[in-house]
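Following numbering that gives the first Met the number 0, the numbering of the sequence shown begins with 0 at its first residue and continues without gaps.
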Amino acid sequence: MKRDLVKTAQIFKAFSVAVRLEILDLLKNGELCACVLLEKLDLTQSGLSYHMKILIESGIVTAREEGKWVHYTISEQGRQKIIQMFLESTARN
């Protein structure tokens with residue numbers, strides 16, 4: 000149970016900053032290169048990397064390298080976990 004709570008906390012942490020919600024909004028229609036995210040967001044490359052690390056650790060986003068760039072996408076497993084976690088955390092006993 001404690002492990003589940005830690006994972007839930009990671010997911011809520013991922014949603015706790017507006018720029019990460021903006022990143023998820025950009026990714027909701029499919030995979031994007033870090034270069035595209037950098038163009039659309041007011042972030043440095045290190046700032047983007049910091050936020051992406053949190054999103055990846057939460058399981059919401061996955062990354063793949065292609066050349067010198069990283070491409071990000073919302074993972075289907077992460078999407079389902081978020082829905083399940085939200086429903087469970089707000090359900091009446």
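Beta carbons are placed, not taken as given, at the ideal position from N, Cα and C, and that holds for glycine.
Where residue 96 sits in the DSSP three-state scheme: Outside the displayed range of the chain (0 to 92) lies residue 96, so it cannot be described from this structure.
For residue 62: DSSP bridge partner residues: For this step, residue 62 is matched to residue 63 along the sequence shown. 71.
Residue-chain proximity (residue 79, chain C), Cβ-Cβ < 8 Å: This model lacks chain C altogether, as it is built from one protein chain only.
Residue 62 beta carbon less than 8 Å from that of residue 50: Taking the first residue of the sequence shown as position 1, residue 50 is located at position 51. Taking the first residue of the sequence shown as position 1, residue 62 is located at position 63. Result no, Cβ atoms of residue 50 and residue 62 do not sit closer than 8 Å.
Residue span of the alpha helix (DSSP H) that contains residue 2, given as start and end: Within the sequence shown, the letter at position 3 stands for residue 2. Residue 2 -> alpha helix (DSSP H) spans 1 to 13.
For residue 40, three-class secondary structure by DSSP: Indexing the sequence shown from 1 puts residue 40 at position 41. In this structure, residue 40 counts as coil in the three-state DSSP scheme.
Residues that residue 32 bridges to, as DSSP identifies them: Position 33 of the sequence shown holds residue 32. Looking at the DSSP assignment, residue 32 forms a beta bridge with 70.
As assigned by DSSP and simplified to three states, the class of residue 19: Taking the sequence shown and counting its residues from 1, one reaches residue 19 at position 20. In this structure, residue 19 counts as helix in the three-state DSSP scheme.
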